[in-house]
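Before any comments, here is the structure.
In our numbering, the protein residues as written are 647 to 897.
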């Protein structure tokens, strides 16, 4: 278009019939679906912006690497899967800025076939030692409610959210810049992220669930939280909020 705008088109979707990306024992990409060195812009114009993205995986786990998501009306990336995955070295900016919704922002991760707002059954991974990586991404100038919203619930998996730069985002009331809802016999490592110069109710919100069957272990270390501010309106807020249920460990 001569004057492109957010929402000019709908989305690119990877369905469950897509071949999942695979990696070797060193973590290097081997085969399967991949989105690499591409620019995704001005999408998100179809459906509920809270529940889709300009790139929307629906039961698939492509490798998303070194790509740019920008000027999209919805989430830049909306990732629904029941498998392990990697989203690394991407840039997200100016997503969800024209159509604020209940839940929208730069990038979201959730379990395939679960209702976004009401949770789901625990997804049990049969390959012990599997890893999920959300690393090396840059997120700026995000609208909506979240820069990263992470609600993938798996057991036997270690999730690494590391070395991301999340800066210069303006989120208004009732917002959690980085929201991680963790559950299952699994480990979460959130480390070496730069989360600075944002306006949001909470810069980081860690929600660690556990019960008599599942233990959740979460490690939050070596992150830079600096010069973040709370917008006018909320009656609470700050750099980090932690909700740890009995049986969960946050260090």
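Glycine included, each C-beta is placed from N, C-alpha and C at the ideal position.
In its own chain, which residues sit with a C-beta less than 6 Å from the C-beta of residue i, not counting the 5 before and 5 after it?
i	result
residue 835	806 and 865
residue 783	736 and 810
residue 682	711 and 712
residue 840	811 and 870
residue 828	834, 854, 862 and 864
residue 843	813, 814 and 873
residue 689	655, 657, 700 and 718
residue 665	678 and 679
residue 702	657, 659 and 724
residue 686	700, 701 and 715
When DSSP builds the beta bridges, which residues end up paired with residue i?
i	result
residue 809	Its beta-bridge partners do not exist; DSSP assigns none.
residue 852	826 and 888
residue 792	751
residue 797	756
residue 835	806 and 865
residue 896	864
residue 840	811 and 870
residue 777	804
Out of the options, state which residue places its alpha-carbon closest to the alpha-carbon of residue i.
i	options	result
residue 650	691, 814 and 658	691
residue 951	876, 652, 687 and 750	The displayed coordinates of the chain run from 647 to 897. Any statement about residue 951 would go beyond what the structure contains.
residue 731	803, 837 and 790	803
residue 680	669, 781, 851 and 687	669
residue 671	822, 708, 884 and 777	777
Quiz prompt | Secondary structure, alpha helix (DSSP H): runs of 4+ residues fully inside the stretch 660-743 | solution = none
Quiz item: Taking contact to mean at least 3 C-beta pairs separated by less than 8 Å, is the stretch 707-720 in contact with the stretch 734-744?
Solution: yes
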